[in-house]
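The structure appears below as structure tokens.
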Amino acid sequence: MRIVIDTNCLLVSIPKIAKSRWLFDAILAGIVEMAVTTDILEEYEEIIGTFYNSPTLAKNVLETLANRPNVLKVSPYYFWSLITEDPDDNKFVDCAVACGADFLITEDSHYKILETIPFPRIPVRTRAQFQKILFPDN
Numbered sequence: 006m007r008i009v010i011d012t013n014c015l016l017v018s019i020p021k022i023a024k025s026r027w028l029f030d031a032i033l034a035g036i037v038e039m040a041v042t043t044d045i046l047e048e049y050e051e052i053i054g055t056f057y058n059s060p061t062l063a064k065n066v067l068e069t070l071a072n073r074p075n076v077l078k079v080s081p082y083y084f085w086s087l088i089t090e091d092p093d094d095n096k097f098v099d100c101a102v103a104c105g106a107d108f109l110i111t112e113d114s115h116y117k118i119l120e121t122i123p124f125p126r127i128p129v130r131t132r133a134q135f136q137k138i139l140f141p142d143n
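Residue 101 in the working numbering sits at position 96 of the sequence shown, with consecutive numbering throughout.
Take a look at the structure:
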């Protein structure tokens with residue numbers, strides 16, 4: 006299963022005691038394929054470093070992701086500009102389209118507009134919704 010993870014979801018899945026740690030663990034265990042772009046990695050590094058006040062943590066997370074065979078580096082060649090409320094979110098949409106992601110995982114309400122767009126179809130799920138998909142017996 007191939008996914009794109011918005012920064013807000015990755016951010017809260019990093020601490021070992023986090024309720025959402027299952028998401029980061031699924032990446033580490035190779036249960037999912039995670040697609041990223043250079044722009045996404047740069048945002049991850051900036052936000053993780055700032056949020057946790059630790060550029061070292063941000064660097065370690067990015068190195069960990071870079072060393073996983075199930076983390077795919079994607080280069081979108083077309084930019085859809087589907088999210089007008091927060092254009093910065095389009096990097097995740099473009100990555101999802103370019104890699105044929107099964108799901109884009111986010112808690113951001115700006116992505117709701119994608120439900121009304123017939124093409125390209127981008128299935129958006131919250132962490133809780135995706136957890137039920139990934140672990141239906143829990």
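Think of the CB as a built atom: it goes at the ideal place given N, C-alpha and C, for glycine as much as any other residue.
| Query | Result |
| --- | --- |
| Residue 46 (DSSP reduced to helix, strand or coil) | helix |
| Assumed close pair residue 5, residue 99 - CB separation to whole angstroms, cut-off 8 Å | Residue 5 is absent from the structure shown; the chain starts at 6 and stops at 143. |
| Status (buried if at least 16 other CB within 10 Å, exposed otherwise) for residue 8 | buried |
| At least 3 beta-carbon pairs within less than 8 Å: the region 38 to 51 vs the region 73 to 84 | yes |
| Counted within 10 angstroms of its Cβ, other Cβ atoms place residue 49 as buried (16 or more) or exposed | buried |
| First and last residue of the uninterrupted beta strand (DSSP E) at residue 110 | 108 to 110 |
| Cβ distance (whole Å) where residue 88 is taken to contact residue 109 below 8 Å | The pair is not a contact, with the Cβ atoms about 11 Å apart (cut-off 8 Å). |
| Distance CB(residue 139)-CB(residue 129) smaller than 8 Å | no |
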